[in-house]
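Here this note's numbering = 1-based position in the sequence shown + 326.
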Amino acid sequence: MSDHQNLLAEQRRALILDEVRRRGGVRVNELTRKLGVSDMTVRRDLDALARQGMLEKVHGGAVPVVEASTHEPGFEAKSGLELTAKEDIARTAASLVAPGTAIALSGGTTTYALAHHLLDVPDLTVVTNSVRVADVFHSAQRTSGQRPGAATVVLTGGVRTPSDSLVGPVADQAIRALHFDVLFLGVHGISLEAGLSTPNLAEAETNRRLVQSARRVVVVADHTKWGTVGLSSFASLSQVDTLVTDAGLPAEAHVDISEHVNRVVVTGERAASTEGSGDSADSEASDDSEAFADSGADADI
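(1) Apart from the five residues just before and just after residue 388, which ones in its own chain have a Cβ nearer than 7 Å to its Cβ?
(2) Taking buried to mean at least 16 other C-beta atoms within 10 Å of its own C-beta, is residue 335 buried or exposed?
(3) Since residue 412 is in the alpha helix (DSSP H), which residue starts that stretch and which ends it?
(4) Just checking my contact of residue 569 with residue 590 at CB under 8 Å: how many whole Å lie between their CB atoms?
(5) With a threshold of 16 other CB atoms inside 10 Å of the CB of residue 529, please say whether the residue is buried or exposed.
(6) Report the option in 514, 492, 466 whose CA atom is closest to the CA atom of residue 457.
(7) Please state if the CB of residue 495 and the CB of residue 475 are separated by a distance shorter than 7 Å.
(8) Thinking just about the alpha-carbon of each residue, which of 414, 565, 534 is nearest to the one in residue 574?
(9) Hey, which unbroken runs of the beta strand (DSSP E) at 3 residues or more fall wholly within the stretch 440-511?
(10) Counting only the same chain and skipping the five closest in sequence on each side, list residues whose C-beta sits under 6 Å from that of residue 640.
(11) For the beta strand (DSSP E) that contains residue 431, what are its first and last residues?
(12) Taking the alpha carbon of residue 348 as the reference point, which residue from 535, 517, 526 has its own alpha carbon closest?
(13) For residue 360, report the span of its alpha helix (DSSP H) as first-last.
(14) Determine whether the beta carbon atoms of residue 540 and residue 504 lie at a separation below 7 Å.
(15) Determine the extent of the alpha helix (DSSP H) in which residue 575 is found, giving its start and end residues.
(16) What does DSSP give as the partner residue(s) for residue 390 in the beta ladder?
(17) Can you tell me whether DSSP reads residue 562 as helix, strand or coil?
(18) Quick check: the Cα distance between residue 344 and residue 427, rounded to an integer number of angstroms?
(19) For the beta strand (DSSP E) containing residue 540, list its first residue and its last residue.
(20) Expressed to the nearest angstrom, what Euclidean distance is found between the alpha-carbon atoms of residue 582 and residue 497?
(21) If you draw a straight line from the alpha carbon of residue 464 to that of residue 477, how long is it in whole angstroms?
(22) Starting from residue 350, follow its DSSP beta bridges and name the residues at the other end.
(23) Pull up the distance between the alpha-carbon of residue 422 and that of residue 385, whole angstroms please.
(24) So, is residue 624 buried or exposed, given that buried needs 16 or more other C-beta atoms within 10 angstroms?
(25) For residue 466, which residues from the same chain have a beta carbon less than 6 Å from its beta carbon, with the 5 sequence-adjacent residues on both sides left out?
(26) Check the DSSP bridge columns for residue 555 and list the partner residues they point to.
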């Protein structure tokens, strides 16, 4: 039995998407041979990817979606995609956060999921340019009252984007004056050539400020972000300390990213550390959390 036959649906679809992007199109019969699965399974995978807007089905196969580099999906449009992966990434990223530290959360649906997992971490100071993220903390405090150890939330001002992030000169000025221990950064796209990118020029500048103000940068992004390039790049892969992603990331992409990023934490079945084949994602997250706690001892915000 081929190794591909044992893949989860999400992993198999990630491989299909990688083939489509890399080759500019694939045929169904090619995918059945490569993956060792039935014609019906491949067609179901293509249907699922087409519904998510990840590719376009054509007669006998699929081709990449031709999408403008300036296209910026709204928060609601993105919130229904890759729910399992985002939840796994959020849970793992939350384990990297030590009590009493100053952290920043950028806009995005993955950082929004992460915010829910941070509600019970005591004495956090949270800087965010995301209206949605701020609402998570404020709603929890309205429901349960101001508990001891509840997070202090700093919401930057700015102009609201389709993804409900606040960007522009007001946000940039506020972030420039702050210094936080860890930035958890959601992204529109990741690639070797373009690094981290977004379709929104103002958001790119605000994200640059966030990266510059952080002692550590943790990117939280599911596998579908790999190979996507927005209009404006705002950071290189070498500026990322840790990438937390899911098991749908193709093995080839994992290798490429690991050459530039200090640590890659993969959630799900194919969890592996880039610093030792015997390490798991959970043990690596624990190591990172201790390192973040040490760096946060003299946090200044």
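Even for Gly, the Cβ is constructed at its ideal location relative to N, Cα and C.
According to the structure data:
(1) 346, 351, 352, 372, 381, 382
(2) exposed
(3) 409-420
(4) 5 Å
(5) buried
(6) 492
(7) no
(8) 414
(9) 451-454, 478-481, 506-511
(10) Since the first residue of the chain shown is 327 and the last is 627, residue 640 is not available in this structure.
(11) 428-431
(12) 517
(13) 354-361
(14) no
(15) No alpha helix (DSSP H) holds residue 575; DSSP gives it neither H nor E.
(16) 381
(17) coil
(18) 38 Å
(19) 540-546
(20) 33 Å
(21) 9 Å
(22) Paired residues: none, contrary to the question.
(23) 46 Å
(24) Bear in mind that the predicted position of residue 624 carries a pLDDT of just 44, short of 50, making it too unreliable to give a figure here.
(25) 445
(26) None, per the DSSP bridge assignment.
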